[in-house]
Amino acid sequence: MEERTRNSGDVASGLILAALGLYIVLQARHWDYLVPDGPGAGFFPLWYGIAMIVLSLAVLASGLRRRTAPAPAAHWSKPGRALSAWLAFAVSIALCKPLGLLASFALLTFFITGVLYRRPLRVAAVVAISSAAGLYLVFPLLLGMSLPVGFLGF
Amino acid sequence: MDILGGLVHGFAVAFEPLNLLWCFVGVLLGTLVGIMPGLGPPATIAMLLPLTFKMSPAGAIIMLAGIYYGAKYGGSTTSILLNMPGESASVVTCLDGYQMARKGRAGPALGIAAIASFVAGTFGVLGLMLVAPPLAKLALSFSSPEYFGLMALGLAMVVLLAGRSMLKALLAALVGLWIASVGTDLFSATSRFTFGEVELLSGIDFVVVAIGVFALGEVFGNMETHDGIRMQPMPKGLRNLLPTLQDLKDCRFAFVNGSVIGFLVGVLPGAGSTIASFLSYGVEKAVSRRREQFGTGVIEGVAAPEGANNSETGGALVPLLTLGIPGSGTTAILLAALVLWGFRPGPLFIPDNPGLFWGLVASMYIGNVMLLVLNLPLVPLFAQVLRTPSYVLYPLILGVSMIGVYSTSSSLFDLWLLAGFGLLGYLMRKLEYPAAPLILALALGNDFERALRQSLMMSEGSLSILVTRPISAVMLSLAALVLLIPVFGRVNAWRLQALEQE
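Listed in order, the protein sequences are those of chains Y and G.
So for the first sequence, this note's numbering puts the first residue at 1; every next one is plus one.
So for the second sequence, this note's numbering puts the first residue at 1001; every next one is plus one.
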């Protein structure tokens, strides 16, 4: 299971990094390689871009070689939980502008506690409100930091 | 300034009431972070870094260093009580520490861990104090080619010991170099890899990447499961935490072994405290008269690795402060912190900032005493932190990370970058790409490129300058040798065996 996930991960990451390496090399070719003073802006990126392509192709090849061996189907429930948390985090950043940072953080906490950790909604609400209040006390109030404020005024 | 004069000056700085407070806050936070499985010192230091911008640099470095070495003390608690290391440096402590706890000797195990940490931690600071100033003087003769060689060797060592696959570690380092290149070129003012975004012209903030890859990556990784924690019974009362005289006698060699090995390994870039504790445990087992009992609850098996991982801290600060070359993810973040506060770690750091260097050294002596006092009687109280539910802890880490990043630039764009790097950190964990080479390459990236380009300017474009100057030639040869290690079967087998222990 883990082996299968790793092999497909190696193939995918090898492809992505090879593409990134290619992008770096193509971009670096637009910049000076050598100028009268010495190396230009494109010198260093060109070389690490080439190295990235070579190494990522090696990772890709090793992933493909191991993939030929049969392996049980990958299990995606664990990454699913982590990726849901990440998605909720990204949504809370999107909500920072309209709702303010503290309110969007409270919603994120409510989601994590209530949905991902399956606590009763009352517990989730208490955790969300008290965590946001704690952050408010420490950062804006005690340390005087200014945070994004939403239409609710906090 | 001589060593004694420097130390007197340092104690004057460290004993300022506010600096004492920051030292206490640092070691306390470090202990708590060390106890908490899944939240390491690099993540914590990265998260708290933005909050230090309003502090005095001396107070800030004293606090961050306190977190760094304090976590080493705390890490043993979970190893002994849960058989689950609070941080990677305490992995080896599980072997005998947990067995001692199962036999009802959790108290002496925790006690000897604190005492060994104190003895070896103090030795490490002594080593830092004695070795750093002369090394800095030597490094004054270094020029761009030598720095390029040193940084190449540092990166190669981290790549060697960061993960099972050196290919992946190298790729992580290259991605770090690429992120460091984003923004305006140092020499020609050409904008590179900015995707037309004005916000990227000044580059990507180190803090955003460090918090994303370390803190968020760890949190998302830990959120994959919500397994409960089963702790061994905690001894009550100070008397039950103190090791017996026989225990202390049994650990005499372990204290020396841990102190010396820890410091020497710390000075080497890339090796880190996990390797130090592993080596120290191996040496202790090899010379012990009861080596066959190791792994069944032998007290030296706790003292040696715990000592080594604390002594390593003093060693790791030597190349960071005297050469500006960090050897691990955590010291890379400390390097970035010093640069962000306006300092330039390197040969001139000690003569230019004696108050900061000697203040840090003196604070580490004080911090080690604080940690001993805190850890012996209060360890049962600290262990209660383990009862904090994940659904409270993880959202709080996410919230502090958001606020930390926002406070550095007041930019929502940086929060989006944080989300991106958080995902990258999680995927790297999942796909077994080590984070340390990325962070180290990011921290060194601009200096690495600058040193290379300046070297080539000095030689009018000829790469031969890198191999005709003796120091850079030796460093680059060693770096090449290190990267060729997978070719040598037996040495690579040792490397993989060492990494297995992590």
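Glycine included, each C-beta is placed from N, C-alpha and C at the ideal position.
query: Taking the alpha-carbon positions, what's the residue 1090 of chain G to residue 123 of chain Y distance?; result: 34 Å
query: May I ask you to verify whether the segment 124–133 of chain Y touches the segment 1415–1429 of chain G, counting CB pairs closer than 8 Å and requiring at least 3?; result: no
query: With three or more C-beta pairs closer than 8 Å as the rule, is the segment 1319–1328 of chain G touching the segment 1258–1275 of chain G?; result: yes
query: Here's a check: name, in chain order, each residue in its chain whose Cβ is nearer than 7 Å to the Cβ of residue 1135 of chain G, leaving out the five neighbours to either side.; result: 1318 and 1322
query: Among the residues of its own chain, which have a CB less than 6 Å from the CB of residue 1097 of chain G, if the five just before and after it don't count?; result: 1079, 1080, 1109 and 1302
query: Using a Cβ cut-off of 7 Å, pull out every chain Y residue sitting near residue 1185 of chain G, in sequence order please.; result: 41
query: On a CA-only basis, which of G:1124, G:1171, G:1280 and G:1150 is nearest residue 1159 of chain G? Give me that one, please.; result: G:1171
query: For the ligand MN, I want to know if residue 25 of chain Y counts as a neighbour, meaning its beta carbon is within less than 7 Å of at least one of the ligand's heavy atoms.; result: Absent from the structure shown: the ligand MN. Ligands present: none.
query: Anything in chain G within Cβ reach of residue 112 of chain Y, meaning under 7 Å, just list it in chain order.; result: 1391, 1394 and 1395
query: List the endpoints of the continuous alpha helix (DSSP H) containing residue 1251 of chain G.; result: Where residue 1251 of chain G is concerned, there is no enclosing alpha helix (DSSP H), given that its DSSP letter is neither H nor E.
query: Note down, in chain order, every chain G residue with its Cβ under 9 Å from the Cβ of residue 93 of chain Y.; result: 1402, 1412, 1415, 1416, 1418 and 1419
query: Would you report the Cα separation of residue 144 of chain Y and residue 1083 of chain G, rounded to the nearest angstrom?; result: 41 Å
query: If contact is defined by three or more beta carbon pairs under 8 Å, each pair taking one atom from either stretch, is the segment 1290–1301 of chain G in contact with the segment 1333–1350 of chain G?; result: no
query: Using 8 Å as the threshold, is the C-beta distance between residue 1050 of chain G and residue 1067 of chain G below it?; result: no
query: What number of angstroms, rounded off, separates the C-alpha of residue 1006 of chain G from the C-alpha of residue 1126 of chain G?; result: 13 Å
query: Between the segment 1174–1191 of chain G and the segment 1002–1016 of chain G, do at least 3 Cβ pairs fall closer than 8 Å?; result: no
query: Please report the distance separating the alpha-carbon of residue 1307 of chain G from that of residue 1077 of chain G.; result: 14 Å
query: Runs of 3 residues minimum, wholly inside the segment 1062–1116 of chain G: which ones carry the beta strand (DSSP E) assignment?; result: none
query: By the 7 Å beta-carbon criterion, what residues does the segment 1052–1077 of chain G contribute toward chain Y?; result: none
query: Check each candidate in G:1424, G:1332, G:1429 and G:1377 and name the one with the smallest Cα separation from residue 1154 of chain G.; result: G:1332
query: For residue 1448 of chain G, tell me which candidate among Y:32, Y:12, Y:21 and Y:48 has the shortest Cα-Cα distance.; result: Y:48
query: Which ranges does the beta strand (DSSP E) cover as unbroken runs of at least 3 residues, wholly within the segment 63–149 of chain Y, from first to last along the chain?; result: none
query: Considering only residues of the same chain and omitting the five flanking positions on each side of residue 1047 of chain G, which have a CB-CB separation below 8 Å?; result: 1211, 1215, 1397, 1400, 1401 and 1404
query: Below 8 Å between beta carbons is the criterion; list the residues of the segment 94–107 of chain Y that meet it against any residue of chain G, in chain order.; result: 96, 97, 101 and 105
query: Any C-beta of chain G sitting closer than 8 Å to the C-beta of residue 24 of chain Y?; result: yes
query: Relative to the C-alpha of residue 1177 of chain G, which candidate in G:1165, G:1163, G:1192 and G:1384 has its C-alpha closest?; result: G:1192
query: Run through the DSSP bridge pairs and tell me what residue 1191 of chain G is partnered with.; result: G:1184
query: Under 7 Å Cβ to Cβ from residue 1457 of chain G, same chain only, skipping five residues before and after it: list those, please.; result: none
query: Please decide whether residue 149 of chain Y counts as near chain G, where near means a Cβ-Cβ distance under 8 Å.; result: no
query: Considering only the alpha carbon of each residue, which of G:1264, G:1342 and G:1289 lies closest to residue 1312 of chain G?; result: G:1264
query: Closer than 7 Å by C-beta to residue 1385 of chain G: which residues in its own chain qualify, once you throw out the five before and the five after it? Chain order, please.; result: 1032, 1035 and 1036
query: Could you run through the segment 120–133 of chain Y and flag, in chain order, every residue whose CB is less than 7 Å away from some CB of chain G?; result: 127 and 131
query: Residues of the segment 1292–1326 of chain G in Cβ contact with chain Y at a cutoff of 9 Å, in chain order, please.; result: none
query: Please identify, using Cβ separations under 8 Å, the residues of the segment 1014–1045 of chain G that lie next to chain Y, in order along the chain.; result: none
query: Near residue 109 of chain Y, which residues of its chain fall below 8 Å by C-beta distance, leaving aside the five closest residues on each side in sequence?; result: 124, 127, 128, 131 and 132
query: Using the Cβ count rule (16 or more neighbours within 10 Å means buried), how would you classify residue 1366 of chain G?; result: buried
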